[in-house]
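Chains as they are written, first to last, in the numbering used here: chain Z, 1 to 114; chain G, 1001 to 1118. Structure, as structure tokens:
Okay, here's the thing in structure tokens:
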């Protein structure tokens, strides 16, 4: 079945450091891929998405490229801020978008220190 | 403001009691979802509904029940049959987008309800 695997956290960085959070997936066909962010005590917000191979999603300085050859969708940011501290979830929906269901990775907690 | 509301934010119940979590949306979305979140784990789907008066079980439906009598509302009941109900519960709704030969659903989440069973 479909699945998503993220790098384990927590990840601790200093402000202005480069961020990479790895995400790999297993799916048949051509899923759509997403990154969601969860700030402490809140629900999830969509951060970025990519719906086909080689697409790059970007938002708020974060980027991720849909790599079908490596089944990956790694999240990157060139210079993190304290306000980026949150839990990040990689997710996919299958190519048939059945019921709009998403499959989530386990989440990666990011802590950015001043 | 359009959005999803969940109430209450914190909920305490005694073991053996049923409890109902509220989820309301004014986004006019057809589809709604309930997830459970435990520390160090991703979100697990409990139930989902694509349209009023219809719903399907997710991956961990045992011990839970839902109803969808109105488009705006999708309440979740945690029954006494749920063996480990203490968790953070998230409700979501979604809109379907089409473009470039693909369709995908963007899910919008409520703020969550933290349920503690004593």
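Here a beta-carbon is modelled for each residue, glycine too, at the ideal position from N, C-alpha and C.
Local conformation of residue 1040 of chain G per DSSP, three classes
Coil at residue 1040 of chain G, not helix or strand.
Please check the pair residue 1046 of chain G and residue 1035 of chain G, which I expect to be a contact at CB under 8 Å, by giving their CB distance rounded to whole angstroms.
Your pair residue 1046 of chain G and residue 1035 of chain G checks out as a contact, with CB atoms roughly 6 Å apart and the cut at 8 Å.
What are the residues that DSSP puts in a beta bridge with residue 1066 of chain G?
In the DSSP output, where bridge partners are listed per residue, residue 1066 of chain G has G/1076.
Could you tell me whether the stretch 36–46 of chain Z touches the stretch 78–96 of chain Z, where touching means 3 or more Cβ pairs closer than 8 Å?
Touching, yes.
Residue 1004 of chain G bridges to which residues according to DSSP?
Answer is G/1025, bridged to residue 1004 of chain G.
For the candidate residues Z/71, Z/61 and Z/23, whose alpha-carbon lies nearest to that of residue 9 of chain Z?
Residue Z/23 is the option with its Cα nearest to residue 9 of chain Z.
Any Cβ of chain B within less than 8 Å of the Cβ of residue 1074 of chain G?
The displayed structure is made up of protein chains Z and G, and chain B is not among them.
Span of the beta strand (DSSP E), counted from its first residue to its last, around residue 59 of chain Z
Per DSSP, the unbroken beta strand (DSSP E) holding residue 59 of chain Z starts and ends at 56–59.
Closest Cα partner of residue 16 of chain Z within the set Z/92, Z/54, Z/55 and Z/81
Of Z/92, Z/54, Z/55 and Z/81, the smallest CA-CA separation from residue 16 of chain Z is found for Z/81.
Residues bridged to residue 3 of chain Z (per DSSP):
Partner residues in the beta bridge of residue 3 of chain Z, as assigned by DSSP, are Z/26.
From the beta carbon of residue 1042 of chain G, is the nearest beta carbon of chain Z less than 8 Å away?
Taking 8 Å as the threshold, the shortest C-beta distance from residue 1042 of chain G to chain Z falls below it.
Comparing alpha-carbon positions, which option in Z/12, Z/25 and Z/73 lies nearest residue 48 of chain Z?
For the residues Z/12, Z/25 and Z/73, the minimum Cα distance to residue 48 of chain Z belongs to Z/73.
Using 8 Å as the limit for Cβ to Cβ distance, is residue 107 of chain Z near chain G?
Residue 107 of chain Z counts as touching chain G.
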